[in-house]
Amino acid sequence: MGFGLHLGWSIEGALGSAFKIDASYLSPNVNVASKLEEKTKDYGVGLILSQEIYEYMSESAKRNCRPIDSLLIKVNDNFALRSNFTNNFALIKN
Numbered sequence: 004m005g006f007g008l009h010l011g012w013s014i015e016g017a018l019g020s021a022f023k024i025d026a027s028y029l030s031p032n033v034n035v036a037s038k039l040e041e042k043t044k045d046y047g048v049g050l051i052l053s054q055e056i057y058e059y060m061s062e063s064a065k066r067n068c069r070p071i072d073s074l075l076i077k078v079n080d081n082f083a084l085r086s087n088f089t090n091n092f093a094l095i096k097n
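Heads up: the sequence shown begins at 4 in the working numbering, then just goes up one per residue.
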């Protein structure tokens, strides 16, 4: 099992009927986290962080990460992250 973490905007909403309501999150950023999670299998790591998450981390937390690759994440025909993904990071186990 792997995890992908990314930081970005999203819209949360309730979808359903009077009998059942489900929460839904709409944003290309949600899909980016999912795509990063898929890449954990390719790189053999448990967690991949986007550059956006890495920039918000403390210096001591950053020391536990290593750069692994530059990825082009294409979410759909209208949205692809290129410059935002200059580096992706994997958490190093202590």
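Backbone N, C-alpha and C define an ideal beta-carbon position, used for all residues, glycine too.
When beta bridges are read from the DSSP output, Glu-15 appears opposite Tyr-28.
Within the same chain, and ignoring the five residues on either side of Ala-36 in sequence, the residues whose Cβ sits closer than 7 Å to its Cβ are Gly-7, Leu-8, His-9.
The beta carbon of Gly-16 sits closer than 6 Å to those of Ser-27, all from its chain and outside the five residues before and after it, given in chain order.
Following the DSSP letters along the chain, one finds Tyr-57 inside the alpha helix (DSSP H) bounded by residues 54 to 58. In this structure, Cys-68 lies away from Tyr-59, with their beta-carbon atoms at least 9 Å apart. A Cβ-Cβ contact shorter than 9 Å links Ser-13 with Val-33. Its chain contains Leu-18, Gly-19 as the residues whose beta carbon lies nearer than 6 Å to that of Asp-25, once the 5 sequence neighbours on both sides are disregarded; these appear in chain order.
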